[in-house]
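Taking mature numbering (1 follows the signal peptide of the UniProt record, and there is no 0), I'd label the letters of the sequence shown as residues -32 to -1, 1 to 165.
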Amino acid sequence: MIKPRASFKLFNVAAALALVTFSSLLCQYALGANVELSETKMIVDHVTVSSSKPYRLVKQDIESRLGRLDENIRTLLNEKKVAELRAALQKAAGKDGLVIHYVGVHGDWLILKGQEKNGTEYFTGNVLTATEMTSVNMAAGLYAPLRIMVYENSQGGTTIEYDKPSTQLSQFHSAAIDAQGRSLDDRLAKLCASALE
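As structure tokens, this is what we get:
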């Protein structure tokens, strides 16, 4: 015989499962959609590169090397001027074939915790490279743009961290995407070496 307390817990679990199942069926009925979920485990290589070079100078070097996605490029996209857009993207790609899409000022946000630290995240990539991947598998867009974190370390130098693109993109099992991933590996390594030396 089940104890009342255990019975109550079993009832709660059963009720919760029934509610989830009912909600799922209700959503499918209301939307007329079949919902599928899958998960993929993958191993990602995380890269950490440090230097005694001051943060301010590393940040300055990175921002001088990388191009920017500006409003002109967005206008060309909206107007579907493909030839001009391609030329503008090639020009914007900077010394390392990478463009800054967005800057995350994580160090600045720490004023909310009463702290001041130097740390910036760059969302960077190359739209032309991204379209080579997303034209094969749209899900590759999850890794375009890439993210690199640059911060002042405890020794007073600078550290750059990022996840190696080829190891993120290998889950798609595509030779074309893998080739772009290796190219991005090389570009990020070159950027780090140049900015930190």
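Glycine included, each C-beta is placed from N, C-alpha and C at the ideal position.
Measure the alpha-carbon distance for residue 41 versus residue 120 and round it to whole angstroms.
-> 32 Å
Terminal residues of the continuous alpha helix (DSSP H) containing residue 26?
-> Looking at the DSSP string, the run of the alpha helix (DSSP H) that includes residue 26 is 23 to 33.
Can you check the stretch 74 to 121 for any beta strand (DSSP E) of at least 3 residues that lies completely inside it and give the ranges in chain order?
-> 87 to 93, 114 to 120
Exposure of residue 188, with buried meaning 16 or more beta-carbon neighbours within 10 Å = There is simply no residue 188 to check, as the chain begins at -32 and stops at 165 in what is shown.
Where does the unbroken alpha helix (DSSP H) through residue 125 begin, and where does it stop?
-> From DSSP, residue 125 is part of no alpha helix (DSSP H); its letter is neither H nor E.
May I ask you to report which of helix, strand or coil DSSP gives residue 39?
-> DSSP places residue 39 in helix when its eight states are reduced to three.
By how many angstroms is the C-alpha of residue 74 removed from the C-alpha of residue 46?
-> 31 Å
Exposed or buried, residue 36, counting other C-beta atoms within 10 Å across all chains shown (16 or more means buried)?
-> exposed
By how many angstroms is the C-alpha of residue 72 removed from the C-alpha of residue 141?
-> 31 Å
Tell me where the beta strand (DSSP E) around residue 72 begins and ends.
-> 67 to 72
May I have the straight-line CA-CA distance separating residue 125 from residue 83, to the nearest angstrom?
-> 19 Å
Within its chain, find whatever has a CB closer than 7 Å to the CB of residue 44; leave out the 5 residues flanking it on each side and keep chain order.
-> 52, 53, 56
Out of curiosity, what's the CA-to-CA distance linking residue 107 and residue 60?
-> 25 Å
At what residues does the beta strand (DSSP E) containing residue 19 begin and finish?
-> 14 to 19
So, helix, strand or coil for residue 153, using DSSP?
-> helix
Would you give the residue range spanned by the alpha helix (DSSP H) that residue 50 belongs to?
-> Note, residue 50: alpha helix (DSSP H), 50 to 60.
Beta-carbon separation (whole angstroms), residue 163 vs residue 67, contact threshold 8 Å | Contact flag wrong, Cβ pair sits at about 16 Å.
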